[in-house]
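In the UniProt record's numbering, the protein residues as written are 1 to 364.
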């Protein structure tokens, strides 16, 4: 599908009049990414946060919403929206990246929406720890995984019945104090396209784990094998003869250049290269920039303090002395020793591409 840049603020339900704009990747279901050039702050405004949907947005009103907790629990129960909001809550700033971010650069081409690099955003999420809701139910000795289900559903090619969106988490991650059932985003109730009334937020994991329109939590005694756990959002390499399928979880270390934009014409002299860097495993501790297509690298200046859940802004001052084409690259390193590959790690469904980004500019 041809990508569109829509004037104004593109949302799942219409277009506002304010600038800047989201880039529409797909209209049905609605998917859109944020231009990297406007990602210059620690927090992404709600109207610029990337949008990822698998099916049409469900009708979820606060008055009739219920959260059901069932399965391997001692006390199954349900919560109304008012009861849920009355539970103890906390706020965390978390970077969220779509697992397909950067898919458009993979060759051979892989199926799915062809995201460039803008399917990543950061917000302050306020919500109730998932563990609080589970503790009230009391896990049985047989509990092994937690399945979080959203209200969104639809048809998937090759399947006879409609598919409900759901993802599974192992107990350790589900019970972590920072895994939230969020009801607010940047101090406001969740926008409908971001999961109102309640969305799961799993810090450090790709966005497929952040189930929207959450209405059911099942505790199970085995492994969850739903469609979006075992057939999508997986890393597999059938072309290598491998039969192991690994569900995606942790975001890979990544750095992106936000300025200058690809194709920009720059004047000779001092230039400022800016960007973002993040990792799901550990805080980013170093970013390096190359102005000669990866031949040599120099350290960039990191802005702010390291945080395990959010991106870091970085800057690199470059003296553009020579006229002509220049290829800029950046690479990030985290506290666990992770970095980025030069070439993408191609996989069948085009997920988790964290290869070093190249930006071509012209110096005149």
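Here a beta-carbon is modelled for each residue, glycine too, at the ideal position from N, C-alpha and C.
Reference residue 37; option with closest CA among 325, 274, 57: That would be 274, whose Cα lies nearest to the Cα of residue 37.
Once the 5 residues before and after residue 217 are set aside, which same chain residues still bring their CB inside 6 Å of it? 69, 148
Any chance the CB of residue 253 is under 7 Å from a heavy atom of the ligand GTP? The model on display carries no ligand, and the ligand GTP is accordingly not part of it.
Could you name the residues of the same chain whose beta carbon sits closer than 7 Å to that of residue 156, not counting the 5 residues immediately before and after it, in chain order? Sequence-distant Cβ neighbours of residue 156 in its own chain, meaning closer than 7 Å and more than five residues away, are 163, 227.
Could you tell me the alpha carbon to alpha carbon distance between residue 240 and residue 348, rounded to whole angstroms? One C-alpha to the other measures close to 11 Å.
Do you know offhand how far residue 89's Cα is from residue 128's? Going from the Cα of residue 89 to the Cα of residue 128 covers about 4 Å.
Using C-beta distances below 7 Å, list every residue in its chain close to residue 210, excluding the 5 sequence neighbours before and after it, in chain order. 96, 199, 200, 201, 202
Residue 381: buried (16+ other C-beta within 10 angstroms of its C-beta) or exposed? A query on residue 381 cannot be resolved here, the shown segment of the chain reaching from 1 to 364 and no further.
The alpha helix (DSSP H) that contains residue 171, what's its start and end? 171-174
Give me the residue from 307, 186, 318 with the minimum Cα distance to residue 290. Ranked by how close their Cα comes to the Cα of residue 290, the residues 307, 186, 318 have 318 in first place.
Specify the secondary structure class of residue 16 as computed by DSSP and reduced to three states. Any reading at residue 16 is ruled out, since the residue's pLDDT is 40, under 50, leaving its predicted position unreliable.
Report all residues from its chain with a CB closer than 7 Å to the CB of residue 229; omit the five preceding and five following residues, and keep chain order. 167, 168, 247
Whether residue 115 touches residue 25 by CB criterion (8 Å): The answer is yes: Cβ separation under 8 Å.
Which stretch, first to last residue, makes up the alpha helix (DSSP H) that contains residue 82? 81-85
Option in 352, 300, 296, 257 with minimal Cα separation from residue 360: 257
Please specify which runs of the beta strand (DSSP E), each continuous and at least 3 residues long, are wholly inside the region 263-302, giving them in chain order. 269-278, 284-290
Going straight from the alpha carbon of residue 45 to that of residue 298, what length do you get? 31 Å
Return helix, strand or coil for residue 46, following the three-state DSSP convention. helix
Pick out whichever of 332, 29, 352 has its Cα sitting closest to the Cα of residue 232. 352
Please confirm whether residue 232 has its beta-carbon closer than 8 Å to some beta-carbon of chain C. In the structure shown, chain C does not exist; there is a single protein chain.
On the DSSP bridge list, what partners appear for residue 68? 78, 216
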